[in-house]
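Below is one structure, written out as C-alpha cells, with a few remarks after it.
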Amino acid sequence: MNILFVCTGNTCRSPMAEKMLQWFKPDWKITSAGLAAQSGSPMSAESKAILQEHGLPTYHVAKPLTNDLVDQADKIFVMTEQHRQALLYQFPNQKTELISPYDFDVADPYGGSKADYEYAFAELEEMIARRFFVRCLEDRGGICTY
1 MNILFVCTGN TCRSPMAEKM LQWFKPDWKI TSAGLAAQSG SPMSAESKAI LQEHGLPTYH
61 VAKPLTNDLV DQADKIFVMT EQHRQALLYQ FPNQKTELIS PYDFDVADPY GGSKADYEYA
121 FAELEEMIAR RFFVRCLEDR GGICTY
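With UniProt numbering applied, the sequence shown covers 1 to 146.
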C-alpha cells in the first residue's frame, strides 16, 4: 500500500500524518508532500516537538507534490477541501480524499501556539485511526488485512 498525505507547505500537518501512519504500518510506503512546499525546508519546530512528545520519528524534509508522487500513490489524503480541489484540477481522475472521514478540514497550525499544534496532532491521530482501523473493522466485519 502506498499512501500520500498532502497539505500546503509539507512542514506541519502532512508530515505529522505521515509519521503517525508509518508507526502503525511500517511495511507500507507512506510519504507526504505540499502543494506550495519549498523543497528541503525542515519540519516546523512545533510539529517536531509534538512528534517527539509522542515518541514518533521527526526527520523530515519538505517536498513539493510531483506527478511521480501522485502516480505512485494508491491513495492520496489531503487536509482540506481546498487541497482536494487543487489536486483534482492539477491531476484529474486521481484517488484523492479528505483525511477527515467527517468531511471537515484539518486547520493549519502553522504560526500558531503549541495548543494549535497539539489540536492538529489529536485531530490527525483520530482521523488516521478512523480511516485505517475503525473503518476497516466496520467494513470487513472485524477483520483487517491491510
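Here a beta-carbon is modelled for each residue, glycine too, at the ideal position from N, C-alpha and C. Source: prediction; values computed, not measured.
Secondary-structure assignment with DSSP links F77 through a beta bridge to F5 and E97.
If the five residues before and after Q52 are omitted, its C-beta is found closer than 8 angstroms to the C-beta atoms of T58, all from its own chain and listed in chain order. For S14, no beta strand (DSSP E) encloses it; the enclosing alpha helix (DSSP H) starts and ends at R13 to F24. Residues of the same chain with a CB within less than 7 angstroms of the CB of S39, apart from the 5 flanking positions on each side, are A62, K63 and P64 in chain order. In the DSSP annotation of this structure, S32 is not part of any alpha helix (DSSP H); the continuous beta strand (DSSP E) holding it starts and ends at K29 to G34.
Counting C-beta pairs with one atom in each stretch, the stretch 80-96 and the stretch 4-11 have three or more that are closer than 8 angstroms, which means they touch. Taking the C-beta atoms as reference points, T11 is found nearer than 9 angstroms to A37. The beta carbon of L124 lies closer than 8 angstroms to those of R13, M16, A17, M20, I99 and V106 in the same chain, with the five residues before and after it left out. For V106, the three-state secondary structure derived from DSSP is coil. Burial of F132 is indicated by the presence of at least 16 other C-beta atoms within 10 angstroms of its C-beta. The beta carbons of M43 and H60 sit closer together than 9 angstroms. S47 is a Cβ neighbour of F121, given a cutoff of 9 angstroms. Distance between K25 and T66, taken at the CA atoms: about 24 angstroms.
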